[in-house]
Amino acid sequence: MRRVLAVSRRVMRGFSPSSLVAARRTAGLSRAELARRAGVGETTIRRWEQSNSSPQVDLLATVVAELGVEIADIVRVPEADRYPGDWRVLKGLTQPQLGMQAGLRTPIVGGIERGEIPLSDVVAEKLAPVLGVSVDELLAAHMRVRHRGPEATA
């Protein structure tokens, strides 16, 4: 018997299915054509557009590139409300990709994004350039995630 491992994925903050639909229509693409060009399943695109699932950031990055738009056109979190994980998503990076580029282990990246571990200046100086933000903005984003309410997801 084959064992199937469950993978937990959180909902992507700020993901706008209607913005994805609008971008696809503006590009003049059907779901099937977009899926073919991006190398993802048509069902995946449909589920995103109908709010039935949340995108994986790496797949979304591929899809928006095919649409000729930016992730920020589809994932909308006001700059003043962004957490470290939001900045990563806007760069189209997974946690392991960010960790590799910044020279950090994935669990460290995840802990920082969830506000579970402190963000030192040394680590912020490694992450900020990869994320395309200043160290001060990253530190402010980290403070926001650490002090978010219990109902807010990171």
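Here the numbering used here runs 540 ahead of the position in the sequence shown, where the first position is 1.
Backbone N, C-alpha and C define an ideal beta-carbon position, used for all residues, glycine too.
A straight line joining the alpha-carbon of Arg-628 with that of Asp-613 spans about 15 angstroms. Excluding the 5 residues flanking it on each side, Val-603 has same chain C-beta neighbours closer than 6 angstroms at Ala-578, in chain order. His-682 counts as buried, since no fewer than 16 other beta carbons sit within 10 angstroms of its beta carbon.
If you check the CB distance, Phe-555 and Ser-593 do not come in under 8 angstroms. When secondary structure is reduced to three states using DSSP, Val-609 falls in the coil class, being assigned neither helix nor strand. With fewer than 16 other beta carbons inside 10 angstroms of its own, Ala-620 counts as exposed.
Taking a cut-off of 8 angstroms for Cβ pairs, the segment 637-651 and the segment 659-679 touch, as three or more such pairs fall below it. Uninterrupted beta strand (DSSP E) stretches at least 3 residues long and entirely within the segment 548-586 do not occur.
Membership of Thr-646 in the alpha helix (DSSP H) is indicated by the continuous run 646-654. DSSP places Pro-669 inside the alpha helix (DSSP H), whose first and last residues are 661-671.
Going by C-alpha positions, Leu-569 is about 14 angstroms away from Ser-559.
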